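Student:
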Amino acid sequence: MTTPAAALVSPEDRFLIEDLFARYNRAIDSNDRREEFVSLYTPDGVWVSPMEGTITGREALSAWYDDYFSRSDLPYHGGQHRVTNVIIESATEDRIESWCTWIFVASLEGPRVIVMGKYIDTIVKQDGRWMFEKRVIEINANSVEEV
Amino acid sequence: MTTPAAALVSPEDRFLIEDLFARYNRAIDSNDRREEFVSLYTPDGVWVSPMEGTITGREALSAWYDDYFSRSDLPYHGGQHRVTNVIIESATEDRIESWCTWIFVASLEGPRVIVMGKYIDTIVKQDGRWMFEKRVIEINANSVEEV
Amino acid sequence: MTTPAAALVSPEDRFLIEDLFARYNRAIDSNDRREEFVSLYTPDGVWVSPMEGTITGREALSAWYDDYFSRSDLPYHGGQHRVTNVIIESATEDRIESWCTWIFVASLEGPRVIVMGKYIDTIVKQDGRWMFEKRVIEINANSVEEV
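Residue numbers (the working numbering), protein chains in the order written: chain A, 88 to 234; chain B, 88 to 234; chain C, 88 to 234.
#1: Determine the direct distance from the alpha carbon of residue 180/C to that of residue 220/B, and round the result to whole angstroms.
#2: Please classify residue 194/A as buried or exposed, where buried requires at least 16 other C-beta atoms within 10 Å of its C-beta.
#3: Quick one: which unbroken beta strand (DSSP E) runs of 3-plus residues sit fully inside the segment 176 to 222 of chain B? Chain order, please.
#4: Comparing the C-beta of residue 203/A with each C-beta of chain C, is any distance below 8 Å?
#5: To the nearest angstrom, how far is the alpha carbon of residue 90/A from that of residue 102/C?
#6: Looking at residue 129/A: is its Cβ nearer than 8 Å to the Cβ of residue 192/A?
#7: Let me check one thing: in DSSP terms, what residues is residue 136/B bridge-paired to?
#8: Counting contacts by CB-CB distance shorter than 8 Å, is residue 95/A in contact with chain B?
#9: How would you list, in chain order, the residues of chain B whose beta-carbon sits under 9 Å from the beta-carbon of residue 228/C?
#10: Nearest-angstrom Cα distance between residue 108/B and residue 188/B?
#11: For residue 214/B, count neighbouring C-beta atoms within 10 Å of its own C-beta (all shown protein chains included) and say buried if the count is 16 or more, exposed if not.
#12: Quick one: measure Cβ to Cβ for residue 154/C and residue 121/C, integer angstroms, because I've assumed they're closer than 8 Å.
#13: Less than 7 Å separating the Cβ of residue 129/B from some heavy atom of the ligand PLP?
#14: Measuring alpha carbon to alpha carbon, tell me which residue in 216/C, 196/C, 223/C, 206/C is nearest residue 182/C.
#15: In terms of alpha-carbon separation, which member of 162/C, 160/C, 159/C, 134/C lies closest to residue 149/C?
#16: Distance cutoff 8 Å, beta carbons only. Does residue 103/C sit that close to anything in chain A?
#17: Comparing alpha-carbon positions, which option in 201/A, 173/A, 190/A, 199/A lies nearest residue 207/A?
#18: Relative to the C-alpha of residue 138/A, which candidate in 126/A, 105/A, 161/A, 97/A has its C-alpha closest?
#19: Counting along the chain, where does the alpha helix (DSSP H) carrying residue 125/C start and finish?
#20: Quick check on the DSSP output: the alpha helix (DSSP H) that includes residue 111/C runs from which residue to which?
#21: Buried or exposed: where does residue 209/C fall if 16 or more other Cβ atoms within 10 Å of its Cβ makes it buried?
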């Protein structure tokens, strides 16, 4: 059995990756963190959602964030994205491919777990900071009715 | 974009912070860990709960713990507090301000997620150990009926 | 108050332990990772489940894995095991005793939390890799009807 790729990431970098994941979750569960949300991606970062489509680049991500929070009937606002089971698939000094699982716990009519899935991420270090080059969302169950 | 404050905490210290969070959760979800629960706070540590009020100092925390577990009708006993999305807001060598999200999963009539919220923490290093100087609880959803 | 045992584990080793936990969860929530699942145990590793019994050694674990996924009526397939509150109880350079809490979120007829409990683990380093020498499962609540 080969050494897990996790061994290739320094603890310092690993905690910065966890910080990236936490800031993503906080920003997407708030409605007033557009700038921080956008800053978590590389300038040409890509976000691929089965529900929201493919968004490319910070300008488009910024517009999407506003649009997302303008839809006041969404049950997602104010809830909690929660990530666990992060597995580093491959790693160099400035590029990590990772896999993890997430659930979303809604506070509206909740608490209740209403969506769950996986993130397939490419995370790169640019200008001393880790950012999403690409985040692909997979959804495994969703109890939300279409709105 | 500035460097995340997470970079200011050594991995060794960060894991001790996670240990503090885990021990808090285990102690508050057991009924026989009063001493450990109290030891997680500084001598004048403050715990602020929307449900339980403000408790200050180890003696008061100790009395609260006993009282809490004497209320046998509470649905909280034997469940799981679960923390994620820890964000370090600021950090020096011996003081950290952090933000995180939590859910509580009850085992009674469960499993079921019945409360969710945030912790706003001030954590300090005293005598070589990290302890809560202050933990403020925010609740975002609660499906528990008043008891 | 003594130093937490967590201080005895290097951050590098601690992240490899977390990798072990994540790979266990991914393997037991997939149906095509038998080899990886088995490789997470020492050759004579023991897995003790209140539902599945005691399985000892890689050959028996391998057979169990196939049997588990052949039972197509189980609500566990495709869901998420999620671990948190890891507490290191004792640690030497190549042996760790730990305690943690877990929930299982089913995707079938879900998302829904259907089982919760604890893992009591003995984890050892052999040939440069951390593996389960023994994992004992405790279940605290289970809403699954017997199948």
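Even for Gly, the Cβ is constructed at its ideal location relative to N, Cα and C.
All values derive from a computational prediction rather than experimental measurement.
Tutor: With the structure as the only source:
#1: 32 Å
#2: buried
#3: 182 to 193, 199 to 213
#4: yes
#5: 13 Å
#6: no
#7: 140/B
#8: no
#9: 165, 166, 192, 193, 194, 195, 196, 197, 198, 199
#10: 12 Å
#11: exposed
#12: Incorrect: roughly 11 Å between the Cβ atoms, too far for contact.
#13: The ligand PLP is absent from the structure shown, which contains no ligand whatsoever.
#14: 216/C
#15: 134/C
#16: yes
#17: 173/A
#18: 161/A
#19: 121 to 126
#20: 98 to 115
#21: buried
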